[in-house]
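What follows is a single structure, written as structure tokens, with notes after it.
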Amino acid sequence: MSTLDTTTDVTRRPLSGRRVRLGDLLLQGAAGLAALGAVVLVGLIAWKIVQGARLSISTFGLGFVTHVGWDPVHLKFGAGSFLFGTAVTSIGALILATPLAIGIALFLTELAPGGIRGPVTALVETLAAIPSVVIGLWGILVLAPILRDHVEPALHSALGFIPLFGPPNSAGTGIFTAIIILTIMILPIISSISRELFLSVPHELKEGAIGLGTTRWEMVRGVVIPYTRGGVAAAMILGLGRALGEAIAVAQVIGAFTGISWNLFNPGNSLAGMIALNYQGASSGLELSSLIYLALILLVFSVIVNIVAQLIVRHFGRHQGVAA
Amino acid sequence: MSSAVRSIERPADRLRRRRIVNRGMELLAWLAAAIAVAILVIVVFSVAKQGASALNLDFLTKTQVPFAAPNVHQGLANAFVGTLIIVGLATAMALPFGILIAIYVNEFAPPPIRYGVGLVLDVLAGVPAIVIGFFVFGLIVVAHGQSAYAGGFALAVLMLPLVARTTIEVLALVPNSLREAALGVGAARWRATLGIVLPQTIGGVLTGATLAVARVAGETAPLLFTSSLVTNSIDWNPSHALQTVPVAIFELSESPDPADHARAWAAAFVLLMFILFTSLLGRWLATRSRRKLGRAG
Chain A
31 MSTLDTTTDV
41 TRRPLSGRRV
51 RLGDLLLQGA
61 AGLAALGAVV
71 LVGLIAWKIV
81 QGARLSISTF
91 GLGFVTHVGW
101 DPVHLKFGAG
111 SFLFGTAVTS
121 IGALILATPL
131 AIGIALFLTE
141 LAPGGIRGPV
151 TALVETLAAI
161 PSVVIGLWGI
171 LVLAPILRDH
181 VEPALHSALG
191 FIPLFGPPNS
201 AGTGIFTAII
211 ILTIMILPII
221 SSISRELFLS
231 VPHELKEGAI
241 GLGTTRWEMV
251 RGVVIPYTRG
261 GVAAAMILGL
271 GRALGEAIAV
281 AQVIGAFTGI
291 SWNLFNPGNS
301 LAGMIALNYQ
311 GASSGLELSS
321 LIYLALILLV
331 FSVIVNIVAQ
341 LIVRHFGRHQ
351 GVAA
Chain B
3 MSSAVRSIER
13 PADRLRRRRI
23 VNRGMELLAW
33 LAAAIAVAIL
43 VIVVFSVAKQ
53 GASALNLDFL
63 TKTQVPFAAP
73 NVHQGLANAF
83 VGTLIIVGLA
93 TAMALPFGIL
103 IAIYVNEFAP
113 PPIRYGVGLV
123 LDVLAGVPAI
133 VIGFFVFGLI
143 VVAHGQSAYA
153 GGFALAVLML
163 PLVARTTIEV
173 LALVPNSLRE
183 AALGVGAARW
193 RATLGIVLPQ
203 TIGGVLTGAT
213 LAVARVAGET
223 APLLFTSSLV
233 TNSIDWNPSH
243 ALQTVPVAIF
253 ELSESPDPAD
263 HARAWAAAFV
273 LLMFILFTSL
283 LGRWLATRSR
293 RKLGRAG
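This is the structure we're talking about:
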């Protein structure tokens with residue numbers, strides 16, 4: 031962001047003074063309107079979603095958020111089980127993806143031999159380019175059977191005393207499969223941000239640590255990680271935001287079940303997945319409005335998550351600028 | 003407690019322990035990178051293997067026939083046409099809008115507004131695609147029904163922050179001496195901006211646009227509510243709802259019929275090849291334009 035800091039720059043400030051030309055005014059006006067348009071767009075999104083959810087909000091109030099169940103026959107809807115599914119899948123994915131992503135970033139910045147650094151960086155970023163619907167297709171047709179036949183029984187027999195690893199279900203789709211798919215999807219986000227952060231650590235600090243006789247890992251733990259802690263936290267939060275909002279891949283593999291089960295191998299559903307699976311099937315205005323209420327909850331979460339991440343980035347960016 | 007244990011450890015043992023820990027951590031980092039690369043290879047390989055077998059010329063030129071005999075060749079031509087039109091519409095809407103926003107942020111806005119618009123773009127980029135779908139549903143579809151225009155608008159909302167962000171970044175790379183030189187010979191601000199500064203960034207803007215196209219061409223969620231109630235015939239009219247490749251894959255993958263799965267794989271293969279090609283193109287453009295700007299500075 032420091033490249034944008036041009037407060038003293040004469041050539042890039044707003045128009046002012048006596049001799050303002052018509053063309054200048056037009057360009058500044060058009061560009062300013064476009065920027066205003068972006069702000070209006072965000073407001074319009076919030077307004078339209080609230081408006082669509084109004085019927086459900088006035089019928090169920092805030093009780094909707096915690097009510098477990100989705101009953102189109104008796105017109106009783108609630109977000110409870112989907113909030114649970116969203117929380118478990120995205121936190122699970124974050125727990126799996128973070129150490130992997132940090133490992134990848136450390137590999138790319140500290141360990142990789144020159145010849146493979148570039149290609150591996152490009153490959154990891156290519157992972158981010160695969161569309162979610164393709165990952166979901168692979169998840170439902172290739173990954174789910176493997177998990178069902180091999181991974182889930184093994185985890186159940188080894189860790190079955192923990193309620194999370196209960197008996198596997200016969201379909202292979204479920205919360206666990208969704209966690210793995212989300213892990214794959216947020217891995218490149220966290221690792222590419224972490225890689226850039228690790229690259230920003232000043233060489234003097236790292237050389238100083240090595241000069242004191244630390245091993246490479248001790249240097250990473252004592253210098254690289256503390257120096258980039260805030261940024262890595264922001265990267266994790268951005269990954270969480272992506273996992274919260276992913277609809278299609280989750281809808282394909284999570285098994286579409288309304289209810290709360292602590293067994294990760296059971297099917298469930300997430301906020302975004304529930305919306306995606308019901309795009310043609312809302313049988314009443316109240317059900318449609320309740321689906322939009324789910325979208326509203328999702329919108330609130332994702333806005334909070336992104337603002338928090340940006341604030342962390344800006345806070346630590348300034349702090350690190352001073353330290354460096 | 004552990005410090006008491008450590009203090010009676012001999013220095014040589016301690017060094018060895020530290021080296022073993024170091025080696026272990028290095029191995030884990032190698033492993034993490036290997037896992038990521040392996041996932042990519044496995045996904046691309048399964049899509050290629052399953053997709054190539056179901057892929058033929060009829061798949062690209064014919065459409066689906068409901069309740070057809072198994073030996074009838076079916077295709078998704080309508081979905082390819084639909085994706086082309088909808089992504090084209092989205093690009094036509096998002097590109098000029100995004101460039102104008104970037105010009106305002108980088109060339110005119112005072113710092114607090116620059117910060118604010120940047121934050122708004124970040125928030126917009128973080129809104130889940132499915133929420134955008136519902137937004138366009140409420141804004142357009144409720145009153146006017148589904149159409150390729152509505153789908154294109156939904157994708158444009160997703161593209162906008164990507165295009166604006168990359169354009170802001172390349173505009174910031176244009177050396178200030180260029181602006182000063184243009185103003186110094188008496189050019190008006192608008193001519194300096196549109197005639198001198200913006201052309202310098204053409205490579206970067208193209209990169210941003212290409213990567214944004216790669217990103218939204220595979221988006222399914224915003225199209226579910228805006229362009230999914232479709233027919234099986236090829237249709238070029240953007241005021242109708244048009245089938246798209248991602249929505250077709252989503253619907254086919256939910257089907258229990260293995261023949262539908264084969265078609266889903268083939269469609270996924272075509273989509274993936276398009277997206278990988280576009281991202282590589284974007285990456286190549288990015289290196290090229292950065293080198294060029296670096297020389298100018």
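Protein chains in written order, with our numbering: chain A, 31 to 354; chain B, 3 to 299.
All C-beta atoms, glycine included, are put in the ideal place defined by N, C-alpha and C.
Here the structure is a predicted model, which means the values were calculated and not measured.
Check                                                                                                                         : Outcome
Rounded C-alpha distance that separates residue 349 (chain A) from residue 228 (chain A)                                      : Residue placement at residue 349 (chain A) cannot be trusted, given a pLDDT of 49 that sits under 50; what the coordinates show is reported in the next sentence. Straight-line Cα distance between these residues: approximately 16 Å.
Secondary structure of residue 107 (chain A), DSSP reduced to three states                                                    : strand
Contacting positions in the region 231-253 of chain B - beta carbon closer than 7 Å to chain A                                : 248, 251 and 252
Beta-bridge partners of residue 101 (chain A), as assigned by DSSP                                                            : A:106
Neighbouring residues, chain B, relative to residue 332 (chain A) (Cβ below 8 Å)                                              : 128, 129, 130 and 133
Closer than 7 Å to chain A by CB, residue 299 (chain B)                                                                       : Residue confidence for residue 299 (chain B) is low, a pLDDT of 42 falling below 50, so the modelled location carries little weight; the figure read from the coordinates is stated next. By this cut-off, residue 299 (chain B) is not an interface position.
Identity of the residue in A:86, A:162, A:66 and A:151 nearest residue 120 (chain B) by Cα                                    : A:66
Selection of the region 226-259 of chain A by Cβ proximity to chain B, strictly under 8 Å                                     : 245, 246, 247, 248 and 250
Helix, strand or coil at residue 87 (chain B) [DSSP, three-state]                                                             : helix
Contact belief for residue 85 (chain A) with residue 319 (chain A) at Cβ below 8 Å, rounded distance in angstroms             : 4 Å
Residue 167 (chain B): first and last residue of the uninterrupted alpha helix (DSSP H) it sits in                            : 150-175
Alpha carbon of residue 32 (chain B) to alpha carbon of residue 19 (chain B), nearest angstrom                                : 20 Å
Start-end ranges of the alpha helix (DSSP H) lying completely within the region 271-295 of chain A, minimum 4 residues        : 278-283
As assigned by DSSP and simplified to three states, the class of residue 262 (chain B)                                        : helix
Candidates B:222, B:251, B:273 and B:276: closest to residue 306 (chain A) by CA position                                     : B:222
Under 7 Å from the C-beta of residue 23 (chain B): neighbouring residues of chain A                                           : 247
Cutoff 7 Å: residue 255 (chain B) Cβ touching any chain A Cβ                                                                  : yes
Nearest neighbour of residue 168 (chain A), chosen from A:132, A:299, A:181 and A:214 [CA to CA]                              : A:214
Of the residues A:276, A:163, A:130 and A:87, the one placed nearest residue 30 (chain B), counting alpha carbons only        : A:130
Residue nearest to residue 134 (chain A) in terms of C-alpha spacing, selected from A:226, A:286 and A:263                    : A:226
Residue-chain proximity (residue 51 (chain A), chain B), Cβ-Cβ < 7 Å                                                          : yes
Close Cβ partners of residue 55 (chain A) (< 6 Å) along its chain, the five nearest in sequence each way excluded             : none
Exposure of residue 259 (chain A), with buried meaning 16 or more beta-carbon neighbours within 10 Å                          : exposed
Straight-line Cα distance separating residue 99 (chain A) from residue 106 (chain A)                                          : 7 Å
Chain A contacts from the region 136-153 of chain B (Cβ-Cβ distance under 9 Å)                                                : 136, 137, 138, 139, 140, 141 and 144
Three-state secondary structure assigned by DSSP to residue 242 (chain A)                                                     : coil
Residue 47 (chain B): contacting residues in chain A (beta-carbon distance under 8 Å)                                         : The premise fails here: residue 47 (chain B) is roughly 10 Å from chain A at the closest Cβ pair, so nothing lies under 8 Å.
Closer than 8 Å at the beta carbon, the chain B residues around residue 156 (chain A)                                         : 42, 278 and 281
First through last residue of the alpha helix (DSSP H) which encompasses residue 146 (chain A)                                : 144-159
Sequence-distant residues of the same chain with beta carbon closer than 7 Å to residue 194 (chain B), five excluded per side : 181, 184 and 185
Short-range partners of chain A found in the region 27-42 of chain B, where Cβ spacing is below 8 Å                           : 27, 28, 30, 31, 32, 33, 34, 35, 37, 38, 39, 41 and 42
Neighbour-count burial assignment, residue 88 (chain A), 16 or more Cβ in a 10 Å radius                                       : exposed
Pair within 7 Å by beta-carbon distance, residue 59 (chain A) and residue 190 (chain B)                                       : no
Three-state secondary structure assigned by DSSP to residue 242 (chain B)                                                     : coil
Every unbroken alpha helix (DSSP H) within the region 154-224 of chain A, with a cutoff of 4 residues, ordered by chain       : 162-168 and 182-189
Separation of residue 317 (chain A) from residue 148 (chain B), as counted between CA atoms                                   : 19 Å
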